[in-house]
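Heads up, the thing below is written out as structure tokens.
In this note's numbering, the protein residues as written are 706 to 1138.
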């Protein structure tokens, strides 16, 4: 993955390193040239001083002077004065500045004369090389320090410059999945404004698309519910006039299934976390459970099922409508898919900051591999041929999933160890004191 931060740091540090390198080379050349000129000037000054000495009557030898300098003074063709590290012949045949080899070294030589006297002054080139290295180090050390300081400054500057991107990423990460509120574009860098404006435009179009989808589902369900009701009334009237009602009964069951599907679509749309608005309050759990069981009374009495309810007196934080839908779907499924003479156990208790509602039955259960799939819209175990033979549209648990998302609750499926069927554990937020 390409990193803008790494790219900018690499580019800026490379440019800065190259610039510092050339600056160091230029500085070294300038300082070395000045030092060369200064040392040449010293050779010339010493040579002129030796040239002005009074006449020398006898041959003399002296020790080497500072900086390894050697010299020769020739008078009337004779070597009359020299340092002890020089040969017995002139350093060079040239006048002025030149280079020569003697005493196993390379020398910088300055030669001058005044007619009767010739003077040669020489300095080892090694000394000049060592001095050049010292000057180079003296020039490089502050530049390396400056390079390090500038690298830190560039690192901080790039981080500061990219901070708006991090803030934008953080703002997007903090938004809820259904929150399509436009991002603030004011006081943003000019380079980032087009990105934010494009994101806001995209979210606005997405919001409009979601609104159209929501209105379409709601309007379509409402529009279908009325003619189905009329059709059911007409079918009832028709049954009163014919003797063979078997076909009409099948048609009535189909209308009932379609009506149930439409109601489920409306409820699914109403409980969508992106559109759901309700005031949460503290509700006592046991009456909610008892009311849900009562709405299923006709079903479990017809199937002669056995029911056990164990619920403590505690409260749950929520909305009565959505909790009613949640319990009706889960408890209704238990009665619906448990065979005749079967058993259902319902238990509710408080566990810390959560309420645990457990529903167990002796029905066929759900294969573990399909625990996640059952929350998908229109998905049914076994498709249209459920093992229990009971009809359904596959939206009940999708509605439950929406409601759990509203409350940030959890639902876990497992096999009931006591009854052999399905066990459903629902965790909801408890009352906050």
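Virtual Cβ for every residue (Gly too), placed ideally from N, Cα, C.
- Scanning 817, 997 and 784 for the CA closest to the CA of residue 799 turns up 817.
- Assigned with DSSP and collapsed to three states, residue 866 falls in helix.
- Taken in chain order, the whole alpha helix (DSSP H) runs of length 4 or more contained in the stretch 736 to 821 number zero.
- Around the beta-carbon of residue 1032, 16 or more other beta-carbon atoms lie within 10 Å, marking it buried.
- Under DSSP, residue 1049 shares a beta bridge with 1012 and 1066.
- Per DSSP, reduced to three states, the secondary structure at residue 850 is helical.
- Residue 756 places its beta carbon 7 Å or farther from that of residue 826.
- Put simply, of 1099, 752, 885 and 804 the residue whose alpha carbon is nearest the alpha carbon of residue 910 is 885.
- Leaving aside the five residues that flank residue 734 on each side, none in its chain has a CB nearer than 7 Å to its CB.
- Beta bridge pairing from DSSP links residue 1132 with 1061 and 1115.
- Contact annotation: residue 1021 and residue 990 have beta-carbon atoms nearer than 7 Å.
- Nearest to residue 1134 by alpha-carbon distance, out of 1080, 1054, 712 and 849, is 1054.
- A residue is called buried once 16 or more other Cβ atoms fall within 10 Å of its Cβ, and residue 828 is buried on that count.
- Less than 7 Å divides the Cβ of residue 905 from the Cβ of residue 888.
- For residue 1069, the closest of 1062, 1052, 1044 and 1083 by C-alpha to C-alpha distance is 1044.
- Residue pairing from DSSP places residue 1020 in a beta bridge opposite 989.
- When Cβ pairs closer than 8 Å are counted between the two stretches, the stretch 1113 to 1129 is seen to touch the stretch 1061 to 1068, the count reaching three or more.
- About 5 Å separates the Cβ atoms of residue 717 and residue 859, confirming a contact at the 8 Å cut-off.
- Going by C-alpha positions, residue 1006 is about 24 Å away from residue 1028.
- Taking the C-beta atoms as reference points, residue 738 is found no nearer than 7 Å to residue 844.
- Shown here, residue 1044 sits in coil according to DSSP, grouped into three states, outside any helix or strand.
- In the DSSP assignment, residue 826 is bridged to 776 and 815.
- When 917, 740 and 726 are compared, the shortest CA-CA separation from residue 832 is found for 740.
- Annotation: the continuous alpha helix (DSSP H) that includes residue 1002 extends over 1002 to 1007.
- Contact between the stretch 708 to 723 and the stretch 804 to 823 is absent: fewer than three C-beta pairs spanning the two stretches fall below 8 Å.
- Here residue 1011 is exposed. Its C-beta has fewer than 16 other C-beta atoms within 10 Å.
- For the pair residue 869 and residue 852, the Cα-to-Cα distance works out to about 27 Å.
- Residue 822 sits close to residue 780, with the two beta carbons spaced by under 7 Å.
- With 16 or more other Cβ atoms from the protein chains shown falling within 10 Å of its own Cβ, residue 1103 counts as buried.
- Buried is the label assigned to residue 997, since at least 16 other Cβ atoms lie within 10 Å of its Cβ.
- Note that the C-beta distance between residue 938 and residue 1035 is not below 7 Å.
- Non-local beta-carbon contacts of residue 1038 in its own chain, meaning distances under 7 Å to residues more than five positions away in sequence, involve 1101 in chain order.
- Taking 7 Å as the cut-off, the Cβ atoms of residue 736 and residue 840 count as close.
- In the structure shown, residue 917 falls within a helical segment according to DSSP collapsed to helix, strand and coil.
- In the same chain as residue 793, and ignoring 5 residues on each side of it, the C-beta atoms closer than 7 Å to its own belong to 784, in chain order.
- Counting only the Cα atoms, residue 880 lies some 40 Å from residue 1015.
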